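Step one of this worksheet: look at the structure below.
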Amino acid sequence: MSDSLSRREFLGAATGVAAGATLGAPFTEGTGFPAVHIRPAAGPVAVASANGLRGVELAGRLLIEGMDTLDAAIEGVKTQELDAEDTSVGYGGLPNEEGVVQLDASCMHGPTRRAGSVGALEGIKTPSVVAKYVLLYTDHIMLVGEGAKRFALSYGFKEEDLLTDKAREIWLRWRANRGPNDDWINVPDDEMMVRRETGTINLNVVNASGDISSVTTTSGLSWKIPGRVGDSPIIGAGQYTDNDIGAAGSTGRGEANIKVCGAFLTVDNMRRGMSPTDAALETLRRVVTTTEPRLLDERGRPRFGLNFYAVNKNGEFGAGSLWSGRRYATFDGETASLRDIPYLYERD
Ligand code: ASP
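If you use the numbering used here, the sequence shown corresponds to residues 56 to 403, in order.
Quick look at the structure:
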């Protein structure tokens, strides 16, 4: 069975849908950031979290060669999933509090208006591909845990130990030092041990004909309670595509994103005429208003990080972050680069 959307009946699906909205109205005044990034030529565009620099470059090249938008996006994030050195995604990701790596991923294919997702998947290096198989071969949208693994195994995915020596070492150090009153003897401290690692890759693409897809994949919050599922596999939170409008996705504190359905809201903001960057920043303002007091600092600012990345059907792209100092990866039709993300709050 072919796993490529471009080789299946999806090829003929609704492409070239009318834009249906006035896109790209800028109002990012006074931030020092350009309101709208526009591709230099009518080539494909890809945007991702900063760890997706290689991913956007690969996806962009594959789109230029004519690959389907979702296939290209997934090829892009697979580079991170298979990279044992990246401790936030796929193989090599940091585990839950019991030392088990549990992965989340979701994707949407604009032309066919389909979605697929997996949550708390164990033992499979590429959850983004499993999410695409859910999209391709089932009448469901989300599979989780043991069922998701059995589904993947039925298609020939190999079950492997995803906990690398590097990730195990970090986890063991965290467990040893997690509290003063536990039975684990503390080990010498370093930053890696105490810092709570997060990370995810979200990648959104639009091709030269205006077809759009998105994918997000992650090992989630390190040391999470077993079974915790974040925003990444939630359609409308971790990522969302509307082939008439655009796509958006997120990295950062999933619990904050889920409450506002942030990827959906960002696409909906674009539907109402906002540029991708303004749409992302507007979503973040909503996040602030829905944040519980215990998670706000004395000035009412969230004590966590959250970022959105977005493209629209015209190939305009942008991003927004709660905090300054973040960058995102872009392929603008010609070159891949990292750009500063417009933000709501300057870090002290
Ligand atoms: N959004 C991810 C989650 O909450 C984590 C991250 O992006 O850092 O699972």
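Using N, Cα and C, we set each Cβ at its ideal position, and we do this for glycine too. Remember, predicted model here, so these are calculated numbers, not experimental data.
field: Residue of Lys133, Asp138, Val156 and Gln135 minimising C-alpha distance to Gly282
entry: Val156
C-alpha gap between Asn259 and Ile240, whole angstroms: 45 Å
- prompt: Starting from Ala391 and walking both ways along the beta strand (DSSP E), at which residues does that stretch end?
  reply: Its beta strand (DSSP E) spans residues Ala391 to Asp395.
message: Please give the ranges of any beta strand (DSSP E) in the segment 241 to 325, keeping only runs that are unbroken, at least 3 residues long and fully inside the region.
response: 256 to 261, 267 to 273, 294 to 297 and 301 to 307
- prompt: Are the beta-carbon atoms belonging to Thr272 and Pro182 less than 8 Å from one another?
  reply: yes
- prompt: Who are the near neighbours of Arg382 in its chain, counting only those whose CB is closer than 8 Å to its CB and skipping five residues on each side?
  reply: Ala105, Leu393, Arg394, Asp395 and Ile396
task: Using the Cα positions of Leu350 and Met122, report the straight-line distance between them to the nearest angstrom.
output: 43 Å
- prompt: Closest to Arg109 by CA distance: which of Ser305, Gly234 and Ala128 is it?
  reply: Ala128
- request: Output the distance between the C-alpha atoms of Thr306 and Gly293, rounded to the nearest integer angstrom.
  value: Whole-angstrom Cα-Cα distance: 7 Å.
task: Answer yes or no: do Asn298 and Gly98 have a C-beta to C-beta separation smaller than 8 Å?
output: no
query: Per the contact definition of three or more C-beta pairs closer than 8 Å, is the segment 129 to 140 in contact with the segment 168 to 185?
result: Per the Cβ contact rule, the segment 168 to 185 is in contact with the segment 129 to 140 (3 or more Cβ pairs under 8 Å).
- prompt: Cα separation between Gly388 and Ile313?
  reply: 31 Å
message: Contact defined as beta carbons within less than 8 Å: I believe Asp416 pairs with Gly285. What is the distance between those atoms, to the nearest angstrom?
response: Since the first residue of the chain shown is 56 and the last is 403, residue 416 is not available in this structure.
- prompt: Applying the criterion that 16 or more other CB atoms from any shown protein chain within 10 Å of the CB defines a buried residue, is Tyr398 buried or exposed?
  reply: buried
query: Where Ala207 and Val185 are concerned, what is the direct C-alpha to C-alpha distance, given to the nearest angstrom?
result: 6 Å
message: With distance defined between alpha-carbon atoms, name the residue in Ser161, Leu149 and Glu120 nearest to Val132.
response: Ser161
query: Does the distance from the C-beta atom of Phe363 to that of Gly317 stay below 8 Å?
result: yes
Nonlocal neighbours in the same chain, by C-beta distance under 6 Å from Ser376, ignoring five residues either side: Asn362, Ile396 and Tyr398
query: Excluding five sequence neighbours on each side, which residues of the same chain lie with their C-beta closer than 7 Å to the C-beta of Glu215?
result: Gly178 and Lys180
message: Taking its Cβ as the centre, do 16 or more other Cβ atoms sit within 10 Å of Arg340, making it buried, or is it exposed?
response: exposed
task: May I ask you to report which of helix, strand or coil DSSP gives Tyr192?
output: helix
query: Distance, Cα to Cα, Ala80 vs Gly328?
result: Its pLDDT being 35, under 50, Ala80 is placed unreliably by the model, and the measurement read from it follows with that caveat. Between Ala80 and Gly328, the C-alpha separation is close to 6 Å.
- request: Could you tell me which of Glu112, Ser143 and Val261 sits nearest to Ala222, measuring between CA atoms?
  value: Ser143
message: Bridge partners for Leu176 per DSSP, in chain order?
response: Leu158
message: My output table needs one value for Asn106: the three-state DSSP class, helix, strand or coil.
response: helix
query: Roughly how many angstroms separate the alpha carbons of Leu217 and Glu152, rounded to a whole number?
result: Going by the C-alpha atoms only, they are around 15 Å apart.
- prompt: Within this structure, are the beta carbons of Ser269 and Ala311 separated by less than 8 Å?
  reply: no
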